[in-house]
Amino acid sequence: MEYIVETKGLSKSYGGKQVVKDVDLKVPDACVYGFMGPNGAGKSTTLKMLLGLIRSTGGQAWIDGKEMNPKNRLEILRETGSLIESPSYYGHLTGRENLEIVRTLKKTPEKEVDQVLKLVRMERQQNKKAREYSLGMKQRLGLAAALLGRPRLLILDEPTNGLDPSGIQEIRELICELPKRMGITVLVSSHLLSEMDQMADYVGIINHGQLIFQDKLDALHEHSKSKLLLRVMNRTAALKILESRQVEGKMTEEGILLPGLSDDRTADLAAALSAGGAGLYRIEERQKSLEDIFLSLTGRRGSL
Amino acid sequence: MLREWKTEWMKLRRRKVGLLLLAFLGFTFAWCSWILSDAGVEELMDGYRWIFSNLSIINTILLPTLLAMLASRLCDMEIKGNTLKLICTMEKKGRLFDMKFLTGGLYLVLYVSAELLLLFVSGSVYGFGEPMQPRHVLYFLVQNVTVSLVIYLLQMMLSFRFENQIIPLAAGLFGSFIGLFSWFFPDTSLFRWIFVWGHYSLLHFIGNNWDEATRISTFYDVEPSRAALCLVLVLLAGGYLAGRHLFVRKEI
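These protein sequence lines are chains A and B, in that order. Numbered per the working numbering, the first sequence finishes at 307, counting up by one with no gaps. Numbered per the working numbering, the second sequence finishes at 956, counting up by one with no gaps.
Here you go:
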């Protein structure tokens, strides 16, 4: 598979404390890659290393097949747009003037300013000073600046931070559109799982500086294999029957939790429990939410 | 390089840097006019030496504050707007530092040149006896531009370092006081040598004798200290390299 971003053993430490440890990112082309992790997990540090804003203490990074080094960094980044943490802007300049500065530095045609303003729906506010913008507008201005030069890769660090629900929705829609409409790969970080669930095709989860999961979003959902909850009158009898049938049951407050079983085995087990005097009165299917998976991945890595 | 240079000027739109310079220039002009309003015939005969001598002191007081404000105007926008993490993905950090230094340096040269122009015009209006001597112009430029560039570098680093611009501005005011005090010490005094703001007085090129009986000052040429000039040039080169290195090394 073609990866637009690939890292190998990417690490960063500050004064002996490792904040990013051997991260091997693999971001496929033309997709939305959600980079998730709790606050302080190392998301921003990793993204900043990709942009060369901070120096890595180990490992390598490739963008679009080219290995990044201090000499070719700017050349590679010419094809990249970024929005890291809070939006960047010159408050005394208008939105358009801000974009003109980026356009001049990126050597892109003048008409692109109008195009990106239209894309982020800021045409009407373009002549207002940036310091007078709301946070959502500043974020959109940042996004417009990142989109100048028709980048192949967009690196967005928590782009919806501090936005109201409608602002979040707008940015989310825009991010989802980019790979389809313009073939742009979006590497977006967030600590909000629900957000990633709605945007990402691929996800990477980082915790304590280590990448603990990386695959398609569907693969993450597969971790949420359903479980069965048995509600019985006689738990001791039920456990004995389960043991005899080599089914591992876990006692919980609500009942006995079983791993997901096929329909045949479930029917067989239900019959055995009824016949064996366990007093089976209900079988519930329990789906693990994405939130639960995230917590189990980040909170108890050993359980993976 | 031209693109980066162009964007620096685009960023300066509405920053009113020209107005800042004009305000300081106007204050300096008013100060010199006040001095000249008291001038006798003898003083006007040697008007250029007289005003150069006074202007060196006025600049020692005003330039550190002006430079602190200038550096703040040019650099704090990058800190306040979190723009470094955007700009540094398109422009080399070292180049950005160079552009800020060059822009400030150009403003400084324009300011000192404007002072010289005003001095020349004033000389014609008041009818100074002797013409303006080219070496005085050269010494004045060397004295004010080199020392000011070192101070500007220091102010640039402070403005980039602190989000709260009160700290660099306070450093500028502190420099103004140190500079003023330095004129009360002899050339051999350590006070003039250890503080960069005292180097204006080290590079003075006009001396004066005060006759208590006649209450008249006479002015004479002094060769500026070559050792002091060497020190300032070393500080300028070292300050530039160190400042640039620190700026490039600093992670965003």
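All residues carry an ideal CB built from backbone N, CA and C; glycine is no exception.
Under 7 Å from the C-beta of residue i: neighbouring residues of chain D
| i | result |
| --- | --- |
| K789 of chain B | The structure shown contains no chain D; the protein chains it does contain are A and B. |
Within chain B, partners of residue i - CB distance below 8 Å
| i | result |
| --- | --- |
| G18 of chain A | None at all; the shortest Cβ gap to chain B is about 13 Å. |
| E256 of chain A | Result: empty, since nearest Cβ-Cβ is about 49 Å, beyond 8 Å. |
| L77 of chain A | T793, M794, E795, K796 |
| E100 of chain A | M714, R717 |
Interface residues of chain B facing residue i [CB-CB closer than 9 Å]
| i | result |
| --- | --- |
| L120 of chain A | What L120 of chain A touches in chain B: nothing, since even the nearest Cβ is about 17 Å away. |
| K131 of chain A | Here the premise fails: no neighbours, minimum Cβ distance about 13 Å. |
| G94 of chain A | M781, K784, G785 |
| L214 of chain A | Result: empty, since nearest Cβ-Cβ is about 22 Å, beyond 9 Å. |
| A147 of chain A | Chain B residues near A147 of chain A: none, gap ~12 Å exceeds 9 Å. |
| L80 of chain A | T793, M794 |
Limits of the unbroken alpha helix (DSSP H) element including residue i
| i | result |
| --- | --- |
| V721 of chain B | 721-741 |
| K230 of chain A | Taken as a continuous stretch (DSSP letters only), K230 of chain A belongs to no alpha helix (DSSP H), being part of the beta strand (DSSP E) at 230-235. |
| D868 of chain B | Asp is not the amino acid found at residue 868 of chain B; the sequence shown has Asn there. N868 of chain B -> no alpha helix (DSSP H), and no H or E assigned at all. |
| L778 of chain B | 751-784 |
Top-ranked residue by Cα proximity to residue i, from the options
| i | options | result |
| --- | --- | --- |
| H908 of chain B | B:N786, B:E916, B:A931 | B:A931 |
| L842 of chain B | B:D915, B:V813, B:S880 | B:V813 |
| E161 of chain A | A:T49, A:F216, A:K243, A:K109 | A:T49 |
| G145 of chain A | A:S91, A:G263, A:S247, A:G258 | A:S91 |
| A275 of chain A | A:K253, A:E288, A:R248 | A:R248 |
| V816 of chain B | B:G730, B:D925, B:R919, B:E927 | B:G730 |
| E9 of chain A | A:A147, A:L298, A:W65, A:K243 | A:W65 |
| I87 of chain A | A:K51, A:N101, A:D25 | A:K51 |
| Q63 of chain A | A:V26, A:L300, A:S137, A:A33 | A:V26 |
| C34 of chain A | A:I7, A:L233, A:P182, A:S59 | A:P182 |
| A727 of chain B | B:P838, B:D915, B:E819, B:L706 | B:E819 |
| Y676 of chain B | B:E955, B:M705, B:H949, B:I739 | Any question about residue 676 of chain B goes unanswered here, given that chain B covers just 705 to 956. |
| M861 of chain B | B:Y752, B:R753, B:G943 | B:G943 |
| K24 of chain A | A:S59, A:I7, A:D32 | A:S59 |
| K230 of chain A | A:R127, A:L223, A:K253 | A:K253 |
According to DSSP, residues forming a beta bridge with residue i
| i | result |
| --- | --- |
| L140 of chain A | In the sequence on display, residue 140 of chain A carries Met and not Leu. BP columns for M140 of chain A are empty, so no partner. |
| I910 of chain B | B:D925 |
| Y17 of chain A | A:K20 |
| A64 of chain A | A:T10 |
| L214 of chain A | A:I209 |
| S193 of chain A | A:M39 |
| D915 of chain B | B:I920 |
| M52 of chain A | Per DSSP, none; premise fails for M52 of chain A. |
Span of the beta strand (DSSP E), counted from its first residue to its last, around residue i
| i | result |
| --- | --- |
| Q205 of chain A | In the sequence as presented, Gln is not what sits at residue 205 of chain A; that position holds Tyr. 205-210 is the span of the beta strand (DSSP E), which, as asked, contains Y205 of chain A. |
| S89 of chain A | Looking at the DSSP string, S89 of chain A is not in any beta strand (DSSP E), and its letter there is neither H nor E. |
| D160 of chain A | 156-160 |
| I259 of chain A | 259-262 |
Rounded distance between the beta-carbons of residue j and residue i, thought under 8 Å
| i | j | result |
| --- | --- | --- |
| G55 of chain A | R76 of chain A | 4 Å |
| I755 of chain B | W887 of chain B | Not really, about 16 Å apart at Cβ, beyond 8 Å. |
| R134 of chain A | G94 of chain A | 3 Å |
| L771 of chain B | Y856 of chain B | 5 Å |
| L13 of chain A | G207 of chain A | Incorrect: roughly 12 Å between the Cβ atoms, too far for contact. |
| I910 of chain B | D925 of chain B | 7 Å |
| V123 of chain A | L157 of chain A | Actually they do not touch by this definition, with Cβ atoms about 12 Å apart. |
| T107 of chain A | Q129 of chain A | Between Q129 of chain A and T107 of chain A the Cβ distance is about 16 Å, and since that is not below 8 Å, they are no contact. |
| P154 of chain A | T83 of chain A | 5 Å |
Neighbouring residues, chain A, relative to residue i (Cβ below 7 Å)
| i | result |
| --- | --- |
| T711 of chain B | I104, T107, L108 |
| M860 of chain B | Simply none; closest approach about 18 Å. |
Chain-ordered neighbours of residue i on chain A, where CB pairs are closer than 9 Å
| i | result |
| --- | --- |
| E955 of chain B | K51, L56, I57, R58 |
| R707 of chain B | T107, L108, K110 |
Within chain A, partners of residue i - CB distance below 8 Å
| i | result |
| --- | --- |
| K804 of chain B | Here the premise fails: no neighbours, minimum Cβ distance about 14 Å. |
| R948 of chain B | Those do not exist, as R948 of chain B stays about 15 Å from chain A at its closest Cβ, beyond 8 Å. |
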